[in-house]
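Please read the structure below before turning to the comments.
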């Protein structure tokens with residue numbers, strides 16, 4: 001039996017999409033570029049020291065002085081290593097992916113929580129997105145959006161959005177049945193029930209999903225650099241291709257510092273929420 | 001006047017409940033339906049009506065369908081068949097908007113596990129029902145505080161539910177249900193999660209509140225003592241069907257079948273039966289008679305004392321045979337020998353409240369109504385006899401003691 005021409009089919013579909021939806025891709029591209037550039041320009045405009053002080057202050061507000069100190073020392077180290085500009089580029093890429101993931105993921109999660117049919121469609125898609133090797137998305141992403149930061153963001157979002165969807169769905173489904181019943185018994189509309197009860201109670205779970213999403217998009221920065229996204233990911237990739245162990249370590253360390261700071265910040269938002277709401 | 005009318009309501013859980021209805025009409029029972037079709041009959045053809053202002057207790061063991069039944073009254077669970085009228089409107093046929101209105105304005109619910117929203121303060125919880133109606137923030141806060149004050153938690157408005165004890169949390173649950181001033185209160189095992197002492201306290205408080213508010217309360221419980229204590233009427237359920245409906249006393253004294261009998265046999269009768277149910281017809285005399293008549297009356301009935309009443313049958317005192325014969329010898333009148341210090345109890349007192357008074361009183365205890373009219377007497381032993389289940393110790397017609405007593409008077413005098 002001859003091989004199924006699956007590759008041809010996929011290529012045909014991609015070609016058809018490329019020609020058919022060109023204006024749409026163009027608009028998406030403009031939006032993403034706008035967000036990335038907005039964030040990057042703002043952060044580049046701030047002097048590194050001011051940025052570090054602000055980040056440390058936020059760290060102190062969300063956690064303790066220990067976390068604030070780590071944030072300050074870590075970011076100063078990055079600045080000292082001369083990786084500041086590239087780290088900011090990476091941060092802009094990661095934050096853009098995170099924002100898009102929240103905008104796409106939270107409503108999809110709510111949808112899957114409220115309808116078993118939606119969940120039935122979404123879940124296998126998520127499985128596919130998470131297990132298909134990330135490099136594979138890069139190919140159509142480049143076809144649709146060209147080289148640069150935009151396909152990097154797209155690939156990151158595809159790879160990173162599943163936890164937000166899954167944990168939003170889970171958080172809402174885990175709201176105790178008797179509370180949902182109580183909300184119904186007092187004559188809430190579905191909308192009131194969602195905004196007054198289910199989302200507030202699912203918030204810790206949703207935030208955990210967002211935290212995971214940010215971590216996953218950070219892990220995509222090196223891959224994204226292969227298609228032209230700027231940032232420390234590109235430094236790592238460059239060091240690999242030129243076998244420069246020391247430079248590779250420095251750039252890798254910057255990613256680690258960024259990861260730890262972002263992780264602790266989002267986790268502490270969860271904890272602060274939880275304390276406030278006493279869930 | 002019936003405020004809720006439940007008519008032949010059935011609930012079948014499963015994939016195709018409609019097909020099961022046909023099988024039920026063909027006489028399939030619950031077990032067969034479960035065994036062969038894997039559908040569960042939760043509630044089976046139940047009809048009853050609830051009067052405005054009464055506490056209607058639905059009682060049954062777990063799995064009897066009582067929680068399913070109460071959830072159909074506000075359609076948290078959709079009935080498979082039947083009609084449920086509230087104020088004459090069938091809520092089963094109502095559309096979504098109509099149903100939401102009914103839930104907002106007419107029916108509130110109190111839950112077994114309190115079901116307070118953990119992310120909202122006590123006051124915000126109580127406000128919830130008004131909030132979803134779009135009531136102004138200041139107004140609903142004011143109503144919430146009023147409602148909280150009613151249940152004695154006015155000072156806890158800004159606490160979080162998790163900071164309160166179980167009993168207090170359920171008071172919040174009750175305040176939340178009362179805040180939008182519904183006609184009907186559904187209480188689903190509302191006190192079952194509380195420890196026994198707190199549970200009793202809450203029962204008392206509910207009765208007290210009910211005295212002021214005159215809501216219609218549907219109270220679900222698996223605890224017969226609780227049902228007997230607070231229910232004006234009790235509906236007993238088993239396997240989704242109604243076994244008996246009646247007042248606590250009817251259920252106790254005339255169990256509809258063996259099931260109810262087994263249920264009630266362990267009940268503490270002293271907390272169900274009232275003074276009126278153990279009193280006997282009193283032998284009485286008025287003051288214008290002489291001591292000789294009194295002695296004669298006592299001799300005829302074989303008793304050693306007589307209650308003295310006025311023309312309106314209001315209790316004046318008691319005379320003993322000993323004093324009467326002394327009065328005959330010394331030429332005194334009845335007025336000279338009346339003992340005014342008589343133990344008196346209200347006809348609605350429960351038996352356990354009578355033990356003390358019966359054991360310390362020298363004379364039979366007089367049972368009076370609220371106008372001090374003599375309704376009957378409780379002789380020594382009558383209370384114990386009633387607790388032992390001896391029906392001879394009870395008045396012949398406890399439901400109509402006045403008529404019975406009036407006849408007795410004309411025969412006596």
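Protein chains in written order, with full-length UniProt numbering: chain A, 1 to 279; chain B, 1 to 413.
A virtual CB, placed ideally from N, CA and C, is assigned to each residue, including glycine.
In this text the structure is predicted, and so the values were computed from the model without any measurement.
Of all residues in the region 127-149 of chain B, only 128, 129, 131, 132, 133 come within less than 8 Å of chain A when Cβ atoms are compared, listed by chain position. Using beta-carbon distances, residue 100 of chain B counts as an interface residue toward chain A, with a partner under 8 Å.
For residue 42 of chain B, the uninterrupted beta strand (DSSP E) run begins and ends at 40-51, by DSSP. Not flagged as an interface residue toward chain B: residue 195 of chain A, since no C-beta distance is shorter than 8 Å. Every alpha helix (DSSP H) stretch that sits fully inside the region 123-173 of chain B and reaches 4 residues is listed by chain position as 137-150.
For residue 103 of chain B, at least one C-beta of chain A is nearer than 8 Å to its own C-beta. Within the region 143-203 of chain A, the complete alpha helix (DSSP H) runs of at least 4 residues fall at 149-173, 177-185, 190-193. In this structure, the alpha-carbon of residue 127 of chain B lies about 7 Å from that of residue 176 of chain B. Taking 8 Å as the CB threshold, residue 113 of chain B lines the interface with chain A. Listed in chain order, the positions of the region 169-186 of chain A with a beta carbon within less than 7 Å of a beta carbon of chain B are 178, 179, 181, 182, 184, 185, 186. Under the three-state reduction of DSSP output, residue 75 of chain B falls in the coil class, being neither helix nor strand. For residue 40 of chain B, the closest of B:133, B:216, B:64, B:148 by C-alpha to C-alpha distance is B:64.
Bounds of the alpha helix (DSSP H) holding residue 293 of chain B are 291-301.
For residue 62 of chain A and residue 250 of chain A, the gap between their C-alpha atoms comes out near 28 Å. Under the Cβ criterion of 8 Å, residue 114 of chain A is not counted among the residues facing chain B.
Residues of the region 29-58 of chain B with a C-beta less than 9 Å from any C-beta of chain A: none at all. For residue 201 of chain A, the nearest CB of chain B lies under 8 Å from its own CB, placing it at the interface with that chain. Counting along the chain, residue 315 of chain B sits inside the beta strand (DSSP E) bounded by residues 315-320. Linking residue 53 of chain A to residue 88 of chain A through their CA atoms gives a straight-line distance of about 15 Å. Here DSSP, grouped into helix, strand and coil, assigns residue 5 of chain B to strand. For the region 306-392 of chain B, the continuous beta strand (DSSP E) assignments of 3+ residues that do not extend past its boundaries occur at 315-320, 344-346, 365-368, 374-378, in sequence order. Per the DSSP secondary-structure output, residue 237 of chain B pairs in a beta bridge with B:242.
Annotated as proximal: residue 184 of chain B and residue 215 of chain B, with beta-carbon spacing under 8 Å.
Contact annotation: in the region 249-266 of chain A, no residue has its CB less than 9 Å from a CB in chain B.
For residue 189 of chain A, at least one C-beta of chain B is nearer than 8 Å to its own C-beta.
Here the region 244-261 of chain A does not lie against the region 173-192 of chain A, with fewer than 3 beta-carbon pairs under 8 Å apart. Secondary structure note for residue 81 of chain B: its beta strand (DSSP E) is the uninterrupted segment 81-86.
A distance below 6 Å between beta-carbons, with the five flanking residues on each side excluded, links residue 190 of chain B to the following residues of its chain, in chain order: 110. Closest in C-alpha terms to residue 155 of chain A, from the list A:238, A:173, A:204, A:98, comes A:98. Here residue 185 of chain A is near residue 76 of chain B, since their CB atoms are less than 8 Å apart. Residue environment: residue 208 of chain B is assigned as exposed (fewer than 16 neighbouring CB atoms within 10 Å of its CB, all protein chains considered).
For residue 202 of chain B, the three-state secondary structure derived from DSSP is helix. Any Cβ of chain B closer than 8 Å to the Cβ of residue 192 of chain A would place that residue at the interface, and such an atom is present. Interface criterion met: the Cβ of residue 76 of chain B is under 8 Å from a Cβ in chain A. In chain order, 138, 141, 142, 145, 227 place their CB closer than 7 Å to the CB of residue 151 of chain A, counting only its own chain and leaving out the 5 sequence neighbours on each side. Counting along the chain, residue 71 of chain A sits inside the alpha helix (DSSP H) bounded by residues 65-80.
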